[in-house]
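As structure tokens, the structure follows; a few thoughts come after it.
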Amino acid sequence: QLLESGGGLVQTGGSLRLSCAASGFSFNLYAMSWVRQAPGKGLEWVSGISGSSKNTFYTDSVKGRFTISRDNSKNTVYLQMDSLRGEDTAVYYCAKDYSLWNYDAFDIWGQGTTVTVSS
Amino acid sequence: DVVMTQSPLSLPVTLGQPASISCRSSQSLVHNDGNTYLSWFHQRPGQSPRRLIYRVSNRDSGVPDRFSGSGSGTDFTLRISRVEAEDIGVYYCMQGTHWPPCTFGQGTKLEIK
């Protein structure tokens, strides 16, 4: 199970920190990702982090503005979002990603948390 | 980035009839490890996505056997043998072979006629 929190309404240029608490699987053995969905639009992968935190990845549009991290002692992954723009408005899902054994991904999703960026 | 193209984007289907969704990738999805990381997801209105199929043709636990996936290389298909009312929503294909980034298709909206 994945449970996101931290969404809300923020002004353009502001910051938010999303959290995703995991349970029911060996958290440290899996990469984790954030996927977002703008209103009425499709799914867009945003960022991912390996199980050890050694590797982090971002889609081009958020590089330099978003930072993904995780705390394996708390089974939690985070997304720090700075310099927010209107186009970042979306439902943000965290999802269980690839393992040490293969690249099967996204078999578990959270319920989503809504981020609204307004001027 | 790999571009995933789905068709059709809208799919009206009569209950009990079959349905088929096509997904094409801009390059082969065969990974260096020999696997093809093509998945299908279903999203009902107001809900999170749910993975149905992974590695082209493997059904996830609890997915009805009326759902099947096939294909290879760059061409893939999701089939529903007999559509039921609970199947409405949007279906997405996704590639995880050329990651990052993983990329999704635009989505196909299935509705009941």
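From first to last, the protein sequence lines stand for chains A and B.
In terms of our numbering, the first sequence opens at residue 27 and continues consecutively.
In terms of our numbering, the second sequence opens at residue 2 and continues consecutively.
For glycine and all other residues, C-beta sits at the position ideal for the given N, C-alpha and C.
Using the Cα positions of Val57/B and Arg25/B, report the straight-line distance between them to the nearest angstrom.
Val57/B and Arg25/B: Cα-Cα distance of roughly 12 Å.
Between Gly34/A and Leu44/A, what straight-line distance do the alpha-carbon atoms span, to the nearest angstrom?
Spanning the alpha carbons of Gly34/A and Leu44/A requires a straight line of approximately 10 Å.
Between Phe105/B and chain A, is there a C-beta pair that is closer than 8 Å?
A Cβ of chain A is located within less than 8 Å of the beta carbon of Phe105/B.
What is the residue span of the beta strand (DSSP E) that Gly34/A lies within?
The continuous beta strand (DSSP E) containing Gly34/A extends over residues Gly34 to Gln37.
Once DSSP output is grouped into helix, strand and coil, what is the label at Leu10/B?
Looking at Leu10/B - three-state DSSP - the assignment turns out to be coil, as it is neither helix nor strand.
Going by C-alpha distance, which of Ser52/A, Ser144/A and Thr38/A is nearest Asn101/A?
Checking every option, the nearest Cα to that of Asn101/A belongs to Ser52/A.
Just to confirm, is the Cβ distance from Tyr93/B to Leu69/A under 8 Å?
Against a cut-off of 8 Å, the Cβ pair of Leu69/A and Tyr93/B comes out as a contact.
Taking Leu69/A as the query, report the chain B residues whose CB atoms sit under 7 Å from its CB, ordered along the chain.
Result: Pro50, Tyr93 and Phe105.
List in chain order: all unbroken beta strand (DSSP E) runs of 3+ residues lying wholly within the segment 53-120 of chain A.
Entirely contained in the segment 53-120 of chain A, the beta strand (DSSP E) runs reaching 3 residues are, in chain order, 56-63, 69-75, 82-84, 92-97 and 102-107.
Helix, strand or coil for Ala86/B? Go by DSSP, reduced to three states.
Three-state DSSP puts Ala86/B in a helix.
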